[in-house]
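Report on one structure; see the data block that follows.
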Amino acid sequence: MGFFLRWMFAFVLLAATFNPTEYNYIRWATTNYVEELPMTVFLGLLLTIGYLVYLRATLRSIGGGGMFLILTVVCALIWVLYDWGLLSLTNTNVNTWLGIFALSCVLGIGLSWSLVRRRLSGQVDVDDVEE
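According to the working numbering, the sequence shown is numbered sequentially starting from 118.
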């Protein structure tokens, strides 16, 4: 359940920033920044904090190579689904959601990787504190 929540929060973070609907930060901020500048800055800072937490943890746990590897695995899965005819890539909205899904998988796995590695190997990271 812990991994699912970490992945879901990453998905919500990415989707709140940008998605193909009209309900996202980028679209809202570009149309309302003049009238709502303090709120635009505040929400932008909250999103930035969320990204910093996820990116720092992901880079520390799996690094850039691991991020690339996870992204390629997710893209290969999308390719398999397309090849089997289960997925059509002609709709740009679906493609955007697939991109958000792929990036959220990278961030969710990156944030959870230290916990998974500790359970599988029994090894504790140097920066882990006893719970």
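No residue lacks a Cβ here, since even glycine has one placed at the ideal position from N, Cα and C.
For F135, there is no enclosing alpha helix (DSSP H), as DSSP marks it with neither H nor E. Residue environment analysis places S229 among the buried positions, since at least 16 neighbouring C-beta atoms fall within 10 angstroms of its C-beta. With a threshold of 16 other beta carbon atoms within 10 Å, R123 meets it and is buried. Between the alpha carbons of W201 and L237 lies a distance of about 33 Å. Taking 8 Å as the cut-off, the beta carbon of I195 is found no closer than this to the beta carbon of G227. Of V151, L163, E152 and N149, the smallest CA-CA separation from T134 is found for L163. Per the C-alpha coordinates, the member of F126, E139 and R235 positioned closest to Y168 is F126. Per the Cβ contact rule, the region 151-160 is not in contact with the region 204-212 (fewer than 3 Cβ pairs under 8 Å).
At a Cβ-Cβ threshold of 8 Å, I187 and L131 do not count as neighbours. Taking every protein chain shown into account, the CB of G225 has 16 or more other CB atoms within 10 angstroms, so this residue is buried. A residue is called buried once 16 or more other Cβ atoms fall within 10 Å of its Cβ, and L220 is buried on that count. Residues of the same chain with a CB within less than 6 Å of the CB of A146, apart from the 5 flanking positions on each side, are T157 in chain order. Taking the C-beta atoms as reference points, T213 is found nearer than 8 Å to N136. Counting only residues of its own chain and dropping the five nearest sequence neighbours on each side, V191 has a CB closer than 8 Å to the CB of F218, A219, C222 and V223.
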